[in-house]
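Inspection log for the structure reproduced underneath, given as structure tokens.
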Amino acid sequence: MDDHTGGTAPAGADDHEAAAAFAAGAGRALLALRQGGLVGRALGAEGDRTAHALLMAVLADRFPHDRVRSEEADRDVALRTDRGRVWIVDPLDGTREYGEGRADWAVHVALAVDGVPVVGAVALPGLDAVLSTAHPPPLPERPAVPRMVVSRSRPPAFVPLVAGRIGAQVVQMGSAGAKIAAVVRGEAEVYVHAGGQYEWDSAAPVAVALATGLHASRLDGSPLRYARPDPWLPDLVVCHPSLTADVLGSLAAAGLPG
Numbered sequence: 002m003d004d005h006t007g008g009t010a011p012a013g014a015d016d017h018e019a020a021a022a023f024a025a026g027a028g029r030a031l032l033a034l035r036q037g038g039l040v041g042r043a044l045g046a047e048g049d050r051t052a053h054a055l056l057m058a059v060l061a062d063r064f065p066h067d068r069v070r071s072e073e074a075d076r077d078v079a080l081r082t083d084r085g086r087v088w089i090v091d092p093l094d095g096t097r098e099y100g101e102g103r104a105d106w107a108v109h110v111a112l113a114v115d116g117v118p119v120v121g122a123v124a125l126p127g128l129d130a131v132l133s134t135a136h137p138p139p140l141p142e143r144p145a146v147p148r149m150v151v152s153r154s155r156p157p158a159f160v161p162l163v164a165g166r167i168g169a170q171v172v173q174m175g176s177a178g179a180k181i182a183a184v185v186r187g188e189a190e191v192y193v194h195a196g197g198q199y200e201w202d203s204a205a206p207v208a209v210a211l212a213t214g215l216h217a218s219r220l221d222g223s224p225l226r227y228a229r230p231d232p233w234l235p236d237l238v239v240c241h242p243s244l245t246a247d248v249l250g251s252l253a254a255a256g257l258p259g
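Count the sequence shown with my numbering and you get residues 2 to 259, in order.
The following block contains the structure:
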């Protein structure tokens, strides 16, 4: 229980298992919704609503004293402090990809304790997988040629410079969660984002990445912190730990952040 005045209850095994179960359950509901005849934007909008309602209900029932921040809630309601336990969820990360019938979408469920993303689950229903801090996957081996995942529609202008400096192959992919999940699963080694995101876009996959042993930080190497009064998160990098120095150095050489 988080009483907001005294100590904060740390994350325990029940939190990790609950996050995984909640994300998986929302993922199953979204797969079932796809069979109902909706397509495209209508399917995506209904998916957002369905997954949000499901996650809000199970979190309220299981953790009634914890605060919750969701993409589908009122974005203008700011948290007064990052202290305590705050669940951060993205009911459907990759709404467009989901509506298009693609597999690169996800459900995010994370718990930040005093701003630190300590619990996370990323359901990848299209791949029949759940990545979770309950059972973190092993650190993937690094291939000779690293792979850098970027947006399908809006690859950042700095990508060629950074990829060239670290000798990386560029791979296009959908949602933010899918990109970080690709690094966790060993399907890529680098993900860099500098165009700004919201906390729910990355909290859960970052928690899993850190539990796996990957590097995750702001572009300047400072720690990622969540449940801040403003949910906007300007930038982040997730990469194989053996590439951290090269990636951060290449970002600095490209004038990022700045």
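Note that the Cβ used here is the ideal one computed from N, Cα and C, for glycine as well. Bear in mind the structure is a predicted one, so any value in this text is a computation, not a measurement.
Query: Environment of R42 [buried if 16+ CB atoms lie within 10 Å]; Result: exposed
Query: Ranges of the alpha helix (DSSP H) found wholly within the stretch 22–95, counting only runs of at least 4; Result: 41–63
Query: Secondary structure of Y192, DSSP reduced to three states; Result: strand
Query: Own chain partners of R70 with C-beta closer than 8 Å, once the 5 adjacent residues on each side are dropped; Result: L80, V87, W88, I89, V90, E200, W201, A228, P232
Query: Where L82 falls, given that 16 or more other Cβ within 10 Å makes a residue buried; Result: A small correction: the amino acid at residue 82 is Thr; Leu does not occupy that position in the sequence shown. Label assigned to T82: exposed.
Query: C-alpha gap between P157 and A169, whole angstroms; Result: 15 Å
Query: G28, buried or exposed, once every other Cβ within 10 Å from all chains shown has been counted against 16; Result: buried
Query: Buried/exposed call for D105, threshold 16 Cβ in 10 Å; Result: buried
Query: With 16 other Cβ atoms within 10 Å as the buried cut-off, status of S154; Result: exposed
Query: Selection from V185, G13, V163 that minimises the alpha carbon distance to V131; Result: V185
Query: For V193, the nearest candidate out of R35, G37, V171, H53 (CA to CA); Result: V171
Query: Neighbourhood of M174 by C-beta, 7 Å cutoff - its chain only, sequence neighbours within 5 removed; Result: D105, V150, R153, K180, A183
Query: CB of L162 within 9 Å of CB of A246, strictly; Result: no
Query: 7 Å Cβ shell around D19 - same chain, five flanking residues per side excluded; Result: The sequence as given places Ala at residue 19; Asp does not occur at that position. Counting only Cβ-Cβ distances below 7 Å, and skipping sequence neighbours, we find R63.
Query: Cut-off 8 Å between Cβ atoms - residues of its own chain near G197, not counting five sequence neighbours on either side; Result: W233, L234, P235, D236
Query: Close-in-space but distant-in-sequence residues of the same chain around L252 (CB under 6 Å, 5 per side omitted); Result: L220
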